[in-house]
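Some notes on the structure that comes next.
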Amino acid sequence: MILPVIMAGGSGSRLWPLSRQLYPKQFLSLCGDQTMLQQTCSRLAGLQHLPPLLVCGEEHRFTVAEQLRVAQQNHSGIILEPAGRNTAPAVALAALHSLASGEGDPLLLVLAADHVIRDAAAFRQAVVEASNFAEEGALVTFGIVPTEPETGYGYIHRGAQRSSGSHSAFTVDRFVEKPDRATAEKYLQSQEYLWNSGMFLFRASRYIEELGRHRPDILSACERALAGASLDVDFIRPEQNAFLECPEDSIDYAVMEKTHDAVVIPLDCGWSDLGSWSALWEISDKDAHGNTASGDVILHDSRNCYVQSDSKLIALIGLDNLVVVESDDAIMVAAKHRVQEVKKIVELLKAENRPEAMVHRKVYRPWGFYDSVDAGERFQVKRIVVNPGAQLSLQMHHHRAEHWVVVSGTARVTCGDKQMLLSENQSTYIPLGIKHRLENPGTIPLELIEVQSGSYLGEDDIVRFEDRYSRS
């Protein structure tokens, strides 16, 4: 049986300002109504598989769980990496967990949560073909049939053809790094090279066997981390100290370049890793002048532009080959051929400790979200939305007081030793230093306006006493 392992970590900095470290591109709806994570799960429909196993960081755990819930997608657990150590340790945790969970020795279908695949049927057919080789002990990777001399991807040089029943694949001759333009053109002309997709299929036991042979240090650290793991509802938490000792390495370097049993399946499925705004422009629908526009956008005498607006009107006049992206707190304008340099902007923001590198103005929480509407020297205004049945932690603040005004829905408020129900247009006051909690006992979202006032308004001025989300 196939067990999909979906890698949902990463910061997606090349798609800033929409993608932020705490809400990266895999959680965004960039190509349709579903988020990229939800699309990754949806394209598995039609395969015989177990519910997917997710791997992500601690800071993304509630976003992953909530997006799966909204999509009505069952899963086999969510493994929380204490720190990013690249793909080889992450898949090792998944393989070790699957072998210990009583599912036998499944075929692990390793996927990234942030890839676009326009031809899902071709993807599923390639997985079926790859299963024959994986069941025989091969470690299969999927090589994308190149359509242009791309310099942003690594390549796989295919070797001799290999058969399994009526299916065929190629041995992996070698992996090659991202080439320059001239080399990429030679690769394309030879028809012997494929783009390295970063997707794999192999038996859990075979991956562990090869990892133990070539990188026993990684395997040992992951075994110790999983042996000391704790369970928190759907979350699997490897022991932190053991995992932090694990070296960082990718599946390619740790296993696939060293094993003698690597094979590659050519795959032509409209694949993209959405590594830049220009890549998103390439796969998007365009008007007669080559423009892609999303949101409130007016274009006049402009060509080959990508324009996305979240809230404000954007008007372009007489412009060519630009990317313009507006989010709730930032606007990015770039020449389309230089959008890879967006990462440099993110690095500058981080160096200056600016919040725009980490979070949006709208911040998602396990109970819902808040939107920072306005702020001054000693005040801050937030719009808070609490999901039906959800509650915030029982908490207090040392430096701020809060006023709450209910806009819609019903709020159950705990303030000290008192509890009250507030409905639309009713309000309450939370004094500084008092334990309090906000809950939504209703069946519709609770929306309220919060006005904070005090000498310090940072999110770290929260002392939690009780919390159903294990944050206390």
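Note that the UniProt record's numbering numbers the sequence shown so that position 298 is 298, with each residue one more than the last. Ideal Cβ positions, reconstructed from N, Cα and C, are used throughout, including at glycine.
In the assembly as shown, Met7 is a buried residue. Its beta-carbon has 16 or more other beta-carbons within 10 Å. Remark: three or more beta-carbon pairs, one from each stretch, lie closer than 8 Å, so the region 350-360 and the region 20-30 are flagged as touching.
Taking C-beta atoms as the reference points, Leu53 and Ala94 count as a pair closer than 7 Å. Separation of Arg158 and Asp173 (C-alpha to C-alpha, rounded to the nearest whole angstrom) is 5 Å. Following the DSSP letters along the chain, one finds Ser278 in no beta strand (DSSP E) but inside the alpha helix (DSSP H) bounded by residues Trp277 to Ile283.
The alpha carbon of Gly77 has as its nearest neighbour, out of Asp114, Gln380, Ala330 and Phe62, the alpha carbon of Phe62. In the structure shown, Met358 adopts coil according to DSSP, grouped into three states. Asn74 counts as exposed, since fewer than 16 other C-beta atoms from the protein chains shown sit within 10 angstroms of its C-beta. Listed in chain order, the non-local C-beta contacts of Val263 below 7 Å within the same chain comprise Phe133, Ala138, Val140, Arg162, Ala169, Phe170, Thr171 and Val172, local neighbours out to five positions each way being set aside. The DSSP-derived three-state label of Pro89 is helix. Non-local beta-carbon contacts of Gly295 in its own chain, meaning distances under 7 Å to residues more than five positions away in sequence, involve Gln308, Ser309 and Asp310 in chain order.
The C-alpha of Glu347 is placed about 25 Å away from the C-alpha of Pro179. Ser276 counts as buried, since no fewer than 16 other beta carbons sit within 10 angstroms of its beta carbon. Per DSSP, Phe123 is not a residue of any beta strand (DSSP E); the alpha helix (DSSP H) it occupies stretches across Ala120 to Glu135. Of the candidates Pro106, Asp273 and Asn321, Asp273 places its Cα closest to the Cα of Gly12. With 16 or more neighbouring CB atoms inside 10 Å of its own CB, Pro238 falls in the buried class.
For Asn321, DSSP assigns no beta-bridge partner whatsoever. When secondary structure is reduced to three states using DSSP, Ile2 falls in the strand class.
For Phe369, the closest C-alpha among the options Asp268, Pro445, Ile144 and Leu201 is that of Pro445. Inclusion of Phe243 and Pro82 in the CB contact set at 7 Å is warranted, their separation being smaller than that value.
Taking C-beta atoms as the reference points, Ser250 and Ala351 fail to come closer than 7 Å. For Asp217, the enclosing alpha helix (DSSP H) starts and ends at Pro216 to Ala227. Looking at the DSSP output, Asp371 sits in a beta bridge with Lys362 and Arg383. Excluding residues up to 5 positions away in sequence, Ala184 and Trp195 lie with their Cβ nearer than 7 Å to the Cβ of Glu150 in the same chain. Note on Val386: 16 or more other CB atoms within 10 angstroms of its CB, so buried under the neighbour-count rule.
Put simply, the backbone Cα of Asp374 is about 14 Å away from that of Glu402. In this structure, Lys343 lies away from Met396, with their beta-carbon atoms at least 7 Å apart. Excluding the 5 residues flanking it on each side, Cys31 has same chain C-beta neighbours closer than 6 Å at Val116, in chain order. In this structure, the straight-line span from the alpha carbon of Ala160 to that of Trp367 is close to 54 Å.
For Glu103, there is no enclosing beta strand (DSSP E), as DSSP marks it with neither H nor E. Between Leu394 and Arg365 the beta-carbon gap is near 15 Å, outside 8 Å, which marks them as no contact. Nearest in C-alpha terms to Glu447, of all of Val407, Glu439 and Asp460, is Val407. Excluding its 5 nearest sequence neighbours in each direction, Asp301 has C-beta neighbours in its own chain below 6 Å: Gly318, listed in chain order. Measuring C-alpha to C-alpha distances from Ser205 to each of Tyr187, Glu103 and Thr35 identifies Glu103 as the nearest.
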